[in-house]
Each structure stands twice: as structure tokens, then as C-alpha cells.
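Chains as they are written, first to last, in the working numbering: chain X, 62 to 326; chain W, 128 to 558.
Glycine is no exception: its CB is placed at the ideal position from the N, C-alpha and C atoms.
In this text, all values refer to a predicted model and were calculated from it rather than measured experimentally.
Remarks on the structure that follows.
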Amino acid sequence: MFETNYDVVIIGAGPAGLAAAIETKKVGTQKVLLVERDHTLGGILQQCIHPGFGLHLFDEELTGPEYAYRFIEQIKPLGIDVLLNTMVLDIDRDDNRIYAVNRDKGVCNIGYKSLVLAMGCRERTRGAIAIPGTRPAGIFTAGTAQRYINMQGYMVGKEFVILGSGDIGMIMARRLTLEGAKVKAVVEIMPYLAGLTRNKVQCLDDFDIPLYLRHTIIDIKGKDRVEKVTVSKVDDNFNPIKGTEWDIDCDTVLLSVGLIPENEL
Amino acid sequence: MSMMDVVIIGAGAVGSAIARELSRYELKVVVVDKNEDVGGDASKSNSGIVHTGYDATPGTLESRLVVAANPMFDKLAKELDIPFKRCGAILTAVTQEEYELLPELFRKSHKNGVYDVEMLTAEQARNLEPNISPEVKGGIYIPRESIVDPFALVVAYAENAAMNGVQFKLSTKVIDIQVEDGKVTKVVTDKGEIPTRFVINAAGLYTDDIAKMVGQCDFTVHPDKEDYAVTSEGLEEIIESVRRLLPAASPKDTITQYSGLRPVKTPEGYKIEASKEVKGYVGVTGVRSTGVTASVSIAAYVADILADEGLDLKPKTNFEPYRTGFTKFNELSWKEKDELIKRNPLYGHVICRCETVTEGQIVEAIHRPIQAKSLDAIKRRLWAGTGRCQGGFCSPRIVEILARELNVPAETITKHRKGSEILTGPNRLGD
Ligand SMILES: Cc1cc2nc3c(=O)[nH]c(=O)nc-3n(C[C@H](O)[C@H](O)[C@H](O)COP(=O)(O)OP(=O)(O)OC[C@H]3O[C@@H](n4cnc5c(N)ncnc54)[C@H](O)[C@@H]3O)c2cc1C
Ligand SMILES: Cc1cc2nc3c(=O)[nH]c(=O)nc-3n(C[C@H](O)[C@H](O)[C@H](O)COP(=O)(O)OP(=O)(O)OC[C@H]3O[C@@H](n4cnc5c(N)ncnc54)[C@H](O)[C@@H]3O)c2cc1C
Chain X
62 MFETNYDVVI IGAGPAGLAA AIETKKVGTQ KVLLVERDHT LGGILQQCIH
112 PGFGLHLFDE ELTGPEYAYR FIEQIKPLGI DVLLNTMVLD IDRDDNRIYA
162 VNRDKGVCNI GYKSLVLAMG CRERTRGAIA IPGTRPAGIF TAGTAQRYIN
212 MQGYMVGKEF VILGSGDIGM IMARRLTLEG AKVKAVVEIM PYLAGLTRNK
262 VQCLDDFDIP LYLRHTIIDI KGKDRVEKVT VSKVDDNFNP IKGTEWDIDC
312 DTVLLSVGLI PENEL
Chain W
128 MSMMDVVIIG AGAVGSAIAR ELSRYELKVV VVDKNEDVGG DASKSNSGIV
178 HTGYDATPGT LESRLVVAAN PMFDKLAKEL DIPFKRCGAI LTAVTQEEYE
228 LLPELFRKSH KNGVYDVEML TAEQARNLEP NISPEVKGGI YIPRESIVDP
278 FALVVAYAEN AAMNGVQFKL STKVIDIQVE DGKVTKVVTD KGEIPTRFVI
328 NAAGLYTDDI AKMVGQCDFT VHPDKEDYAV TSEGLEEIIE SVRRLLPAAS
378 PKDTITQYSG LRPVKTPEGY KIEASKEVKG YVGVTGVRST GVTASVSIAA
428 YVADILADEG LDLKPKTNFE PYRTGFTKFN ELSWKEKDEL IKRNPLYGHV
478 ICRCETVTEG QIVEAIHRPI QAKSLDAIKR RLWAGTGRCQ GGFCSPRIVE
528 ILARELNVPA ETITKHRKGS EILTGPNRLG D
């Protein structure tokens, strides 16, 4: 077993973890370690290849990976240690140690004086919001689709309906359109937009993608792959209004219905 | 294909159990299933309860086979290395009406030969299960009601059968059975013909279609609901009935929802027998709500029928009843995990974060005697993708591992079968 000790251990090297590491080091902490399960630093920013990052901090419009790089390049010179490809599986709070696994090192048992959890978010799923219907292929959370397209180089469908007007969903609507797919609707149950107005203008309006507020998907149909969804207007209690529903043919449904903190450790 | 002794139609719990049972003998056996993976239809969406048979209809074949199956599970689970837990069950009475029925149910249990049941007062029930509704008036404790991982059970039956020489032809649909001079001669599939002496119909929801092929259908099978779709009414009903028993249960605690169809036969009841008119045809029908449990005893029962029908059941000298399950990474100590990763670094790469499934386990599942080739096949063997994020994190990674290990383009990887491909092609690569 690989054993080592640090003053501060930070789990997760997204923007939060990177910033935490840099500040911790800058205030004089001796031994700082960043532990990241992915093969690069940067977290979710690496798949956010759209611009719009850095306006406040750098007064520039950067893509996610560019923005991340501004932090990543400070890590080495500051003397912050990094463990990549290392997934933390357990925290032993009594002994102040974490347990992680790494392909080359095996189990890593790392002692800390302080521990920072910066593990990001996971996306809410279909199950979490209980959409009825069949269980075909072609239902993705927006971030999973973003990973397939931006990191792995694949398309996940041809005709899309997006549930939820969160920023990731709207950004994906534009991305998919640029990739030649047809986004037929963005459907939002609330009477207002979930994400930023800027994203509605730049990602939906500019591409003539219709947004339906106070609507939801009440059924997903399809045996092997999604074939269509049924969309309905909802009342003030978010219950579907009978008689307002209609079908939209599509082969893919993206869910952009919120994030949940990753806090299972 | 060369002449077979037995063709089994269906690789669900029942067909796979029969395959394993017959693999004890010197026989040429092939299992044919239309699906791309073993696991069946009904057998992959059920509650995984190993029933005792306490509430069966006394005197029926179902009662006899379910009651017999339950005690067989300790040994079975050990041999097949599958998760099985003797957790016990409480039958609760919430309304006065239900309460008044308890003595009758208690005696029914005895009539089924299940004598280790106990009547419970409300207080005793709450002592056993503190979360139970305060409304509960009493109950019956059924100590041997148990749970099994139904996916693992079917995969294990099939793998063990394959280890012992049974062939599996998957993605192969039976379209006809040929009969000459009152005897089965061939099973016709969409991938060719299989000459055989015996055919066993273990086709679940489709047992009536198969029976019609030999003109032996004096029953109908229909699903217990219209279709597979989960409905909002269905969800509400379930939440309501769970709340009745466990008031603290919240829909927020659910991870996902799915539904299954029970093959309801008319007339009702298990009917497992050789045809008198068509020699060589054995029907296993009416296995509706208890087939996961009874699979193991049904298999032995079917072997007897085959022997009665003249099949020579000569035991193999080298039958191997033990099958090793997939590496249970999660259950290993840190020291064991460390040693495993040192031997094979793929176990140091966690692919499913919710259930802690490593790349090493996924590669194992792909290269077993029955190969896992789809996302669902991996999910049912390793539970990868069943956790809180529902595959959001692991599925892109599993698609890549499947493509690499099977040496096929990622675009051909499916959720469960052809037509359910995950990806539609490469992106524009910035053209
Ligand atoms: C799909 C998606 C798209 C988004 N797009 C945008 C956007 O366009 N603009 C925007 O402003 N915000 C976006 N967000 C919101 C985003 O969560 C935050 O802006 C930001 O990335 C959060 O930074 P973070 O460091 O907290 O998390 P993350 O960037 O997610 O970083 C967390 C890191 O922790 C690592 N980690 C997690 N658990 C472990 C463990 N057990 N062991 C080791 N490492 C672990 C992860 O691999 C990851 O690298 C998006 C979020 C998601 C999920
Ligand atoms: C919601 C629900 C909960 C349940 N809970 C429990 C429980 O807790 N405990 C319990 O013991 N039982 C339970 N059951 C019952 C149990 O699931 C079934 O009795 C059992 O799975 C039946 O297994 P089978 O092998 O007969 O059928 P299946 O699993 O349906 O397998 C039949 C197979 O035949 C194949 N097939 C059909 N036609 C053809 C053809 N023409 N060519 C090739 N292949 C074909 C199908 O592809 C399928 O793989 C439950 C059922 C449901 C629906």
C-alpha cells in the first residue's frame, strides 16, 4: 500500500479544487496534495469547450479548458503535488486518512491535517424526476451527452428534445445544432428560465430553437430507441393540463434538470 | 447444427436453470433465445424474492415446486457464488379486514407445508421492523422468505451450464418447430435449423406462441398489464402502498423506476408436462409470479419428465457445480484491493463511481463464457449504472471499454440489442 502524509489534501481538481490548492499554498501551507480521479486537471471545465469563462477574473472570454489552464499552470511552480487517475473511495475521519485507488500505485493511504472536498456535482436523472414511459436508449443527461460529443468525439442522436432550461441544456442545444442535429424543443416546467438569459439569447434564440415554459414531458415512447415524447402544458401546481398535450418525434431526450452535490464520501 | 438431444427455448430463469440441470448429464443441449443476452424478459424485472410458498394455493404444482425450491437456495447460492440473503419477511395487516384474515393465512401456510411461520402482535412486528407503520395491527413472520440477485442468478445458471458444455445461441428467434410422425424433429430459427430429439418450451410470455408451433396450445398467455411503460398512475399507486407500510418512505429516496410483465396464463397455474400427442415436446407454462424461486426445482422436475420420456440421463463424471462470480472489488479489504491492483492495474480504475465497479470487473464480464456485450448486460452483472447517477458517469466509459474489448466500433454498442445503439456516429471533428 502506498502511504504518505500531507498538511492539506484536496479531493477533486476542478476549478474549486485548483483554486483551493493554489490559495492554500499561497498562505504558506507546506505540503499540499490534489487528488483527481480523471487523467487531467480541470474537472468539468475540460468538456465545456464553449466560450464565456473568465470574464470576471481575467476580463477575457475563454473556453473552459483555456480557463482551467490558467489555474493548472500555477500548480507545478507553486510546488503543489498532484495524484491523477486516483479515485478516493473512503475517508477515515478518526485517523484523518483517505483511501484511494490508482492503477500504478494500488491503494493509496494518505494522511491529512485538513481535508477539502471539491468533488463537483452530478446531474439529476430521469429517475430522480420520475418521467413515465418506456426505457429505450437515447435518454442522456446533458452533461453525459456533452462528454460523448466534446471529449469522446461521438454524436448521440439526430433529433432532440431537451427537458429543462438549465445552462448546460441550452449550451448543448447550440452545440448539437452546430453538429448538424435538430433540436426541436427545450421544455421547462417552471414559468421562468432556469439558466442565464444570455444563454437563451445566444444558444436558443440565435438558432430558432423553441422554448416552452410551463411545459413538461409527460411520456417517453420507444422500444429500443426513443421514438417520441409527449409534451404537455402544466398548471400552477405543475400538474399536466389535460388536452394540451402533443407529440414530438425525436430519437434523443436530454435532461438538464439540475445538479446535486457530489458528496457521497 | 448437429443433432441435439435437447433444445431449450428461453434463457430466462427457467430455461437457464433447466440448462444447468441438464448439464449434469451426458447430453447435447442448446439454449436458444431471441434476446442478445441471457436473463429473460420477466426474469430481469422482478422483485428477487425467494418465496417460501406460504401463500400458494395448497395442493397445486406451484405450491409443491416453490415450497421445495426455497431450502435449495443455500446450496445453490454457494455453488453459483451469487448474492442471497435470508432476510425473512413480515406479512402485515393494516386494516381490520386484513387483520381478520391473518389466522386463515396462517393455516394456509401450514397447508402448504410451511410450518415455521409465526403470528405477530403489532408490538412484535414493530420490534422486528421499527420503521413499520404505526397503523399495523398485527402480522405473520415468515422467516425463510429471502432475497436473491435475480440477474446474478440467471447469469450464473447460464455460465455454469456453459462451463459444463451447454451451448447458447443468443439473438436467435425460434420461428417454428417441425414435427414428423408425431415426433419433434427440428427447431427452426431465424438463424437456421436445429435438429433435435427434445424441445423444451421455457419462453415465458411467449410460451403460447411456441406451443402453437406444435399444435399443442390449450391455453393463452398474456402480460398482466398493457405494456412495459411506467405510468404516472402506476408510480403513484406504488408510492401510496409503500407509504401505507412505511410512512417514512419518500419518493425522493427512489433512484429509478422500471416495470415488468408477468406471463399470466389462462387457465391459471403451473403446467409442466410432456405432450402426449407430440413426442419430444415439453411445455413449461404458467410460471407467473414465482419463477425466480421455483426455477431450481422446476429444472429438476423437467429432468425427470425427460427421463420418463426416454431420455437417458447419464451423469457426467466431470460436472463442475461451482462457478466463481465476478470479483467483488467493493467487498475486499484495502490490503486485498491493493494486491489485486498490483496483479492487474485495471482494478485500480474505478468506472462506476456509485457502485464502485472497476475496469477489471467490466473486462471480466465481457470475456466470460456468456459474454456481456451491451450496457444493460454489464449493468445486470455488475450493477454498474444502477446507482444514483444512473450511468451518467460510467456509461461513456463502459461504451469505450466494450468497443475496445469486443474490437468493434463504439457506434455499434447498444443499450440492450440491435436498434438501441447509444451513439449515432462520429461528431463533425470540427469540419
Ligand atoms: C456537465 C456540466 C457542465 C457545466 N457547464 C458549466 C458551464 O458551462 N459554465 C459554468 O459556469 N458552469 C458549468 N457547470 C457547473 C460546474 O459544476 C461549475 O461551474 C464548476 O465546474 C464547478 O467546479 P468544481 O471544481 O466544484 O467541480 P468539477 O469541475 O466538477 O470538479 C470536480 C472534480 O473532482 C473530481 N472528483 C470527484 N470525486 C472524486 C473522488 N472521489 N476522487 C477523486 N476525484 C474526484 C472530478 O473528477 C472532477 O475533476 C457545469 C456542470 C456540469 C456538471
Ligand atoms: C414485477 C414482477 C415481480 C416478480 N417478482 C418475483 C419474485 O419476487 N420472486 C419470484 O420468484 N418471481 C417473481 N416474479 C416472477 C418471475 O419473474 C417469473 O416467473 C420468471 O422470471 C419467469 O421466468 P421465465 O424464464 O419463464 O421467463 P422469461 O424471463 O420471460 O424468459 C423467457 C425467455 O424466452 C425467450 N423467448 C420467448 N420467445 C422466444 C422465441 N420465439 N425464440 C427465442 N426465445 C424466445 C425470451 O426472449 C426470454 O428470454 C415477478 C414477476 C414480475 C413481472
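At a cut-off of 7 Å, would you count Asp228 of chain X as near ligand 3, judging by its Cβ distance to the nearest heavy atom? Looking at this structure, you won't find ligand 3 anywhere; what it does contain is ligand 1 and ligand 2.
Are the Cβ atoms of Ala161 of chain X and Leu145 of chain X separated by less than 8 Å? Within the first sequence, residue 161 of chain X is the residue found at index 100, counting from 1. Within the first sequence, residue 145 of chain X is the residue found at index 84, counting from 1. Inclusion of Ala161 of chain X and Leu145 of chain X in the CB contact set at 8 Å is not warranted, their separation being larger than that value.
Kindly say whether Met62 of chain X, judged by its beta-carbon, lies nearer than 8 Å to any beta-carbon of chain W. Mapped onto the first sequence, residue 62 of chain X falls at position 1. Among the residues facing chain W, Met62 of chain X is included, as its CB has a counterpart in that chain under 8 Å away.
Which residue wins for smallest C-alpha separation from Trp510 of chain W, given the options W:Gly437, W:Gly475, W:Thr347, W:Pro277? Position 383 of the second sequence, counting from 1, holds the residue named residue 510 of chain W. Nearest option by C-alpha distance: W:Pro277.
Rounded separation between Ser273 of chain W and Lys506 of chain W - CA only: Your numbering for residue 273 of chain W matches position 146 in the second sequence. Your numbering for residue 506 of chain W matches position 379 in the second sequence. So the alpha carbons of these two residues sit roughly 23 Å apart.
Taking Cβ positions, are Thr323 of chain W and Val134 of chain W nearer each other than 8 Å? Here residue 323 of chain W is taken as the residue at index 196 of the second sequence, counted from 1. Here residue 134 of chain W is taken as the residue at index 7 of the second sequence, counted from 1. Annotated as proximal: Thr323 of chain W and Val134 of chain W, with beta-carbon spacing under 8 Å.
Check whether chain W comes within 8 Å of Asn163 of chain X, counting only Cβ atoms and requiring the distance to be less than that. Stepping through the first sequence from its first residue, residue 163 of chain X is reached at position 102. By this cut-off, Asn163 of chain X is an interface position.
Ile549 of chain W touches chain X at which residues, Cβ-Cβ below 9 Å? Counting from 1 along the second sequence, the entry for residue 549 of chain W is found at position 422. By Cβ distance, chain X contributes Ala198, Gly199, Phe201, Tyr209, Tyr215, Val217.
With a threshold of 6 Å on Cβ separation, who are the neighbours of Ala283 of chain W within its own chain once the five nearest residues in sequence on each side are excluded? Stepping through the second sequence from its first residue, residue 283 of chain W is reached at position 156. Counting only residues of its own chain and dropping the five nearest sequence neighbours on each side, Ala283 of chain W has a CB closer than 6 Å to the CB of Leu207, Ile209, Arg450.
Have a look at Asp439 of chain W and Glu320 of chain W and give me their C-alpha separation to the nearest angstrom. Position 312 of the second sequence, counting from 1, holds the residue named residue 439 of chain W. Position 193 of the second sequence, counting from 1, holds the residue named residue 320 of chain W. Looking at the two C-alpha atoms, the distance is approximately 24 Å.
Does the region 197-207 of chain X come close enough to the region 542-552 of chain W that 3 or more CB-CB pairs lie under 8 Å? Taking one beta carbon from each stretch, the region 542-552 of chain W and the region 197-207 of chain X have 3 or more pairs nearer than 8 Å; the two touch.
With distances taken between CB atoms, is the gap from Ala285 of chain W to Ile497 of chain W smaller than 8 Å? Within the second sequence, the letter at position 158 stands for residue 285 of chain W. Within the second sequence, the letter at position 370 stands for residue 497 of chain W. Taking 8 Å as the cut-off, the Cβ atoms of Ala285 of chain W and Ile497 of chain W count as close.
Can you find a heavy atom of ligand 2 that lies under 7 Å from the Cβ of Ser175 of chain X? The sequence position of residue 175 of chain X within the first sequence is 114, counting from 1. Every heavy atom of ligand 2 is 7 Å or more from the Cβ of Ser175 of chain X, so no.
Measuring CA to CA, which of W:Gln517, W:Glu189, W:Gly166 is closest to Thr383 of chain W? Position 256 of the second sequence holds residue 383 of chain W. From the listed residues W:Gln517, W:Glu189, W:Gly166, the smallest Cα separation to Thr383 of chain W is found for W:Gln517.
Asp120 of chain X burial status per 10 Å Cβ neighbour count (16 or more: buried): Within the first sequence, the letter at position 59 stands for residue 120 of chain X. So Asp120 of chain X ends up on the exposed side.
Between Val149 of chain X and ligand 1, is there a pair consisting of the residue's CB and a ligand heavy atom that are separated by less than 7 Å? To locate residue 149 of chain X, count along the first sequence from 1; it is residue 88. At a cut-off of 7 Å, the beta-carbon of Val149 of chain X counts as near ligand 1: some heavy atom of the ligand is closer than that.
Suppose contacts are defined by Cβ-Cβ distances below 8 Å. Is Val306 of chain W in contact with Thr312 of chain W by that definition? On the second sequence, residue 306 of chain W is found 179 positions in, with the first residue counted as 1. On the second sequence, residue 312 of chain W is found 185 positions in, with the first residue counted as 1. Yes, these two residues count as a Cβ contact at 8 Å.
Please identify the residue among W:Tyr428, W:Gly167, W:Val275, W:Glu367 whose C-alpha is closest to the C-alpha of Glu148 of chain W. For this step, residue 148 of chain W is matched to residue 21 along the second sequence. The shortest Cα separation from Glu148 of chain W among W:Tyr428, W:Gly167, W:Val275, W:Glu367 belongs to W:Tyr428.
Can you give me the C-alpha to C-alpha distance between Phe453 of chain W and Asp345 of chain W, rounded to a whole angstrom? Translated into positions along the second sequence, residue 453 of chain W becomes position 326. Translated into positions along the second sequence, residue 345 of chain W becomes position 218. For Phe453 of chain W and Asp345 of chain W, the gap between their C-alpha atoms comes out near 42 Å.
Cβ-Cβ separation, Ile145 of chain W to Ala329 of chain W (assumed contact under 8 Å), whole Å: Here the question's residue 329 of chain W lines up with position 202 in the second sequence. Here the question's residue 145 of chain W lines up with position 18 in the second sequence. The C-beta distance from Ala329 of chain W to Ile145 of chain W rounds to 6 Å, short enough to fall under 8 Å.
Which of the three DSSP states is assigned to Gln108 of chain X in this structure? Numbered from 1 along the first sequence, position 47 holds the residue referred to as residue 108 of chain X. Gln108 of chain X falls in the helix class under three-state DSSP.
Count Cβ pairs between the region 69-76 of chain X and the region 100-118 of chain X that sit closer than 8 Å; are there 3 or more? Yes, they touch.
Would the region 476-485 of chain W and the region 517-535 of chain W be scored as touching if the rule is three or more Cβ pairs under 8 Å? The answer is yes - the region 517-535 of chain W touches the region 476-485 of chain W, with three or more Cβ pairs under 8 Å.
Interfacial residues, the region 196-218 of chain W to chain X, with Cβ spacing under 9 Å: Cβ contacts with chain X come from no residue of the region 196-218 of chain W.
Given 8 Å, three or more beta-carbon pairs between the region 325-340 of chain W and the region 405-412 of chain W: Three or more pairs of CB atoms, one per stretch, sit closer than 8 Å, so the region 325-340 of chain W contacts the region 405-412 of chain W.
Can you list, in chain order, the residues of its chain with a C-beta nearer than 6 Å to that of Arg271 of chain W? Leave out the 5 residues immediately preceding and following it. Within the second sequence, numbered from 1, the residue matching residue 271 of chain W stands at position 144. So the qualifying residues of the chain are Thr179, Asn197.
Tell me whether Cys479 of chain W sits in a helix, a strand or coil according to DSSP, three-state version. One-based indexing of the second sequence puts residue 479 of chain W at position 352. DSSP places Cys479 of chain W in strand when its eight states are reduced to three.
Under 8 Å between the Cβ atoms of Glu240 of chain X and Asn554 of chain W? Numbered from its first residue, the first sequence carries residue 240 of chain X at position 179. Numbered from its first residue, the second sequence carries residue 554 of chain W at position 427. Taking 8 Å as the Cβ cut-off, Glu240 of chain X and Asn554 of chain W qualify as a contacting pair.
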